[in-house]
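Residue numbers (my numbering), protein chains in the order written: chain S, 1 to 196; chain E, 197 to 392.
Scroll down for the structure; my scribbles are underneath it.
2 protein chains.
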Amino acid sequence: MINLLYPNNNKKIYKKNINYANRGMKLESLIDEANEYYKENDIAIIYKKPTPITICKVNYESDKKILTKGFFKNKSTLDYVGLYKGYYIDFDAKSTTNKTAFPLNNIHHHQIKHIENIIKHGGISFLIIEMNNEIYLLKGMDLIVYIKNNNRKSIPFNYIKEKGFNIKLKYSPTLDYIKIIKNYFIGGHYEKEKNN
Amino acid sequence: MINLLYPNNNKKIYKKNINYANRGMKLESLIDEANEYYKENDIAIIYKKPTPITICKVNYESDKKILTKGFFKNKSTLDYVGLYKGYYIDFDAKSTTNKTAFPLNNIHHHQIKHIENIIKHGGISFLIIEMNNEIYLLKGMDLIVYIKNNNRKSIPFNYIKEKGFNIKLKYSPTLDYIKIIKNYFIGGHYEKEKNN
Chain S
1 MINLLYPNNN
11 KKIYKKNINY
21 ANRGMKLESL
31 IDEANEYYKE
41 NDIAIIYKKP
51 TPITICKVNY
61 ESDKKILTKG
71 FFKNKSTLDY
81 VGLYKGYYID
91 FDAKSTTNKT
101 AFPLNNIHHH
111 QIKHIENIIK
121 HGGISFLIIE
131 MNNEIYLLKG
141 MDLIVYIKNN
151 NRKSIPFNYI
161 KEKGFNIKLK
171 YSPTLDYIKI
181 IKNYFIGGHY
191 EKEKNN
Chain E
197 MINLLYPNNN
207 KKIYKKNINY
217 ANRGMKLESL
227 IDEANEYYKE
237 NDIAIIYKKP
247 TPITICKVNY
257 ESDKKILTKG
267 FFKNKSTLDY
277 VGLYKGYYID
287 FDAKSTTNKT
297 AFPLNNIHHH
307 QIKHIENIIK
317 HGGISFLIIE
327 MNNEIYLLKG
337 MDLIVYIKNN
347 NRKSIPFNYI
357 KEKGFNIKLK
367 YSPTLDYIKI
377 IKNYFIGGHY
387 EKEKNN
């Protein structure tokens, strides 16, 4: 079941950017659904990292510990982490309404550094990108290579189409991204097939 | 540097259980120090998972997003996650003042299930236990085996001494637990040497 409501079950106050926000939430819901499917079917254990919060004040109400003041911290890692067939998986989901290029300003510098570190230590890292009503999985290495060789503040859609793996939606799980990992990251043929 | 203060820099209000609480925080500080050392020296990437919080109310003060009401959720996973030489690492730190047995009531049922899942999917999971002024690394499998075969609500210290790996403190990093992973979990000899 896809839940597009906020944690306190209040509906989002609709603003101008509703389309963008909803897209991001829709993508997250699909990833959550896939992760639940993987867990239930014993395929992989992948979960969303909690939002890092600096806890400032805590009250007790009838023995229940309630946080009454906290600050949101910038994430230095990515949103999802997990384990698939012994492989360490670490990735993020990004959504853009931009049709020609994926803006890089929503990936922090320390997140790029984190992706580099993951790859260096033998883990698998990537982005799941929603763009032009299609979903692409872009390998961390292809992201790093682009950033190191270009001064642009965005990645052209053509680069994502060329290097990324287009994930076709299906019934269950709707967004079966592990299939890409299985087919193209592990098991001998790490390189994208259509490029060979 | 070991910081034994709470996040808002207030000193802890001293209660009867101060000794226990301080012990737990001291152990966490040593693990944090080791993780920082591993990161700086490019040995491993291991970090503490943020505390999961259900966000209920958020206010904005001069454009800064401040959390004003939140509930602490029970952890269904363990405290630390990371990557070492391509291996997925997932563990927790536990401290007890009990001298004869390690009480199992501070490990939740879903945490046990999580440890089982990690092992099943090819990851490395364990507990770092502080007990009787010594530090032991107990493999997740040895924890599971004990729980499955015993109805006791605690693990006798003798079992931990026999199955666990005693980590001797040294200068830098003080608590070098990755050495145990390197020597006894990967690289061929997964079994504890002294038992062979």
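From the three backbone atoms N, C-alpha and C, an ideal C-beta is built for every residue, glycine too.
Just grab the DSSP bridge partners of L279(E) for me. Within the second sequence, the letter at position 83 stands for residue 279(E). According to DSSP, L279(E) bridges with I241(E) and Y284(E).
Within the 8 Å Cβ cut-off, does F71(S) reach chain E? Here residue 71(S) refers to the residue found at position 71 of the first sequence. Yes, its Cβ sits closer than 8 Å to a Cβ of chain E.
Test: K117(S) CB closer than 8 Å to a CB of chain E:
Walking along the first sequence from the start, residue 117(S) turns up at place 117. According to the sequence provided, residue 117(S) is Asn. The question's Lys does not apply to it. Cβ-Cβ to chain E under 8 Å: yes for N117(S).
Q) Considering I135(S), what are the terminal residues of the beta strand (DSSP E) in which it resides? A) For the purposes of this step, residue 135(S) is identified with residue 135 of the first sequence, where counting begins at 1. Taken as a continuous stretch (DSSP letters only), the beta strand (DSSP E) holding I135(S) covers E134 to K139.
query = Hey, quick one: how far does the beta strand (DSSP E) through I262(E) stretch, first residue to last?
reply = Counted from its first residue, the second sequence places residue 262(E) at position 66. Where I262(E) is concerned, the enclosing beta strand (DSSP E) stretches over K260 to F268.
Original post:
I180(S) bridges to which residues according to DSSP?
Top reply: Against the first sequence, residue 180(S) aligns to sequence position 180. Beta-bridge pairing links I180(S) to no other residue.
Inset, instruction - Give the residues of chain S in contact with L263(E), contact being defined as C-beta atoms less than 8 Å apart. - result: Here the question's residue 263(E) lines up with position 67 in the second sequence. Those are I53, L67, K69, G70, F71 and F72, listed as they occur along chain S.
Point to revise | Close-in-space but distant-in-sequence residues of the same chain around F126(S) (CB under 7 Å, 5 per side omitted) | key: Translated into positions along the first sequence, residue 126(S) becomes position 126. Cβ neighbours of F126(S) beyond the five flanking positions: F91, L137, L138, K139 and G140.
Hey, how far is the Cα of S258(E) from the Cα of S272(E)? Start at 1 with the first residue of the second sequence, and residue 258(E) comes out as number 62. Start at 1 with the first residue of the second sequence, and residue 272(E) comes out as number 76. Roughly 35 Å between the two C-alpha positions.
**Prompt:** In angstroms, rounded to a whole number, what distance separates the CA positions of Y280(E) and Y38(S)?
**Reply:** Within the second sequence, residue 280(E) is the residue found at index 84, counting from 1. Within the first sequence, residue 38(S) is the residue found at index 38, counting from 1. Each residue's Cα considered, the two are about 24 Å apart.
Point to revise | Cβ pair H317(E), A44(S) closer than 8 Å | key: If you number the second sequence from 1, residue 317(E) lands on position 121. If you number the first sequence from 1, residue 44(S) lands on position 44. Yes. Within cutoff.
What span of residues does the alpha helix (DSSP H) with N98(S) cover, start to end?
-> As a working note, residue 98(S) is residue 98 in the first sequence. Element bounds for N98(S): n/a, residue is neither H nor E.
Exercise for review: Answer yes or no: does any C-beta atom of chain S fall closer than 8 Å to that of Y373(E)?
Suggested key: Within the second sequence, residue 373(E) is the residue found at index 177, counting from 1. So, not an interface residue.
Discussion item. Contact criterion: CB-CB distance below 8 Å. Does Y84(S) meet it with respect to chain E?
Written reply: Looking up residue 84(S) in the first sequence gives position 84. Yes - at least one Cβ of chain E is within 8 Å of the one on Y84(S).
Could you spell out the range, first to last residue, of the alpha helix (DSSP H) harbouring N105(S)? Within the first sequence, residue 105(S) is the residue found at index 105, counting from 1. Careful: N105(S) lies outside any alpha helix (DSSP H) and carries neither H nor E.
Measuring only the C-alpha atoms, how far is S350(E) from I356(E)? Stepping through the second sequence from its first residue, residue 350(E) is reached at position 154. Stepping through the second sequence from its first residue, residue 356(E) is reached at position 160. Each residue's alpha carbon lies about 11 Å from the other.
Interface partners of G336(E) on chain S, CB under 9 Å: In the second sequence, counting from the first residue as 1, residue 336(E) sits at position 140. The premise fails here: G336(E) is roughly 13 Å from chain S at the closest Cβ pair, so nothing lies under 9 Å.
- Identity of the residue in I66(S), F72(S) and D32(S) nearest K456(E) by Cα: Chain E is shown from 197 up to 392; residue 456(E) falls before or after that span and cannot be answered.
Suppose contacts are defined by Cβ-Cβ distances below 8 Å. Is G282(E) in contact with G123(S) by that definition? In the second sequence, residue 282(E) corresponds to position 86, counting from 1. In the first sequence, residue 123(S) corresponds to position 123, counting from 1. Yes.
Test item: CB-CB of K245(E) and Y276(E) under 8 Å
Counting from 1 along the second sequence, the entry for residue 245(E) is found at position 49. Counting from 1 along the second sequence, the entry for residue 276(E) is found at position 80. Yes, the pair counts as a contact, with Cβ atoms nearer than the cut-off.
- Message: Beta-carbon within less than 6 Å of K94(S)'s beta-carbon, same chain only, minus the 5 sequence neighbours each way: which residues are those?
- Response: Position 94 of the first sequence, counted from the first residue, corresponds to residue 94(S). Around K94(S): L127 and I129.
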